[in-house]
Amino acid sequence: MPEQKPLLRSLQGFHGGGGTFGVVLKATSLASPPVALQTMIVSFTTTNSTHTKDLWTILTYNGLKWVDEGWGGFSMSNIAILVNPILSADKAVLLMDPLITYDNQLKSKGVEGASVVVTMFPTF
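Just so you know, the sequence shown maps onto residues 364 to 487 in my numbering.
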């Protein structure tokens with residue numbers, strides 16, 4: 364890091380203010396190997412509080428098990444997006460069965476916009 368201090372100083376200016384510029388002649392970046400992500404997205408467009416409660420109940424009930432298996436993500440009132448960089452596609456579908464089943468229930472009830480996407484992104 365000491366060899367980079369002059370570069371940092373020249374890009375910042377002597378007092379950290381504007382009016383200075385620098386030309387970067389050399390840069391080093393850390394490359395990471397590609398990581399495939401298994402992805403699960405369940406969503407519906409209605410704003411029915413019962414559907415939200417049911418979705419969050421499934422997420423809460425299964426959350427610790429899914430975290431132990433490498434899942435992470437986020438949810439809002441009508442969507443949950445979960446990703447996993449560890450599992451195979453078959454194992455991911457198996458573990459996400461509660462959400463897939465829930466989505467099928469929503470579809471059978473005619474819930475507007477009910478959708479489940481299970482996919483793999485080959486690189487991240």
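We treat Cβ as the ideally placed atom computed from N, Cα and C, and that holds for glycine.
Reducing DSSP to helix, strand and coil, say where residue i ends up.
{"i": "residue 386", "result": "coil"}
{"i": "residue 471", "result": "helix"}
{"i": "residue 436", "result": "strand"}
{"i": "residue 446", "result": "strand"}
{"i": "residue 393", "result": "coil"}
{"i": "residue 412", "result": "helix"}
Give me whichever residues DSSP pairs with residue i in a beta bridge.
{"i": "residue 441", "result": "Looking at the DSSP assignment, residue 441 forms no beta bridge with any residue, so it has no partner."}
{"i": "residue 478", "result": "406"}
{"i": "residue 425", "result": "Beta-bridge pairing links residue 425 to no other residue."}
{"i": "residue 400", "result": "484"}
Please name the residue, chosen from the options, that lies closest to residue i on a Cα-to-Cα basis.
{"i": "residue 449", "options": "468, 402, 389", "result": "402"}
{"i": "residue 476", "options": "414, 484, 461", "result": "414"}
{"i": "residue 418", "options": "482, 467, 486", "result": "467"}
{"i": "residue 482", "options": "396, 389, 400, 393", "result": "400"}
{"i": "residue 486", "options": "398, 471, 459", "result": "398"}
{"i": "residue 462", "options": "472, 473, 451, 442", "result": "442"}
{"i": "residue 460", "options": "428, 386, 412, 396", "result": "428"}
{"i": "residue 420", "options": "473, 471, 474, 465", "result": "465"}
{"i": "residue 438", "options": "453, 451, 454, 416", "result": "416"}
Since I believe residue j is in contact with residue i (beta carbons under 8 Å), could you give me their beta-carbon distance rounded to a whole number of angstroms?
{"i": "residue 422", "j": "residue 434", "result": "Their Cβ separation, rounded to whole angstroms, is 10 Å, which puts residue 422 and residue 434 out of contact at 8 Å."}
{"i": "residue 405", "j": "residue 479", "result": "5 Å"}
{"i": "residue 469", "j": "residue 407", "result": "6 Å"}
{"i": "residue 440", "j": "residue 391", "result": "Going by Cβ atoms, the distance from residue 440 to residue 391 rounds to 44 Å, so no, they are not a contact pair."}
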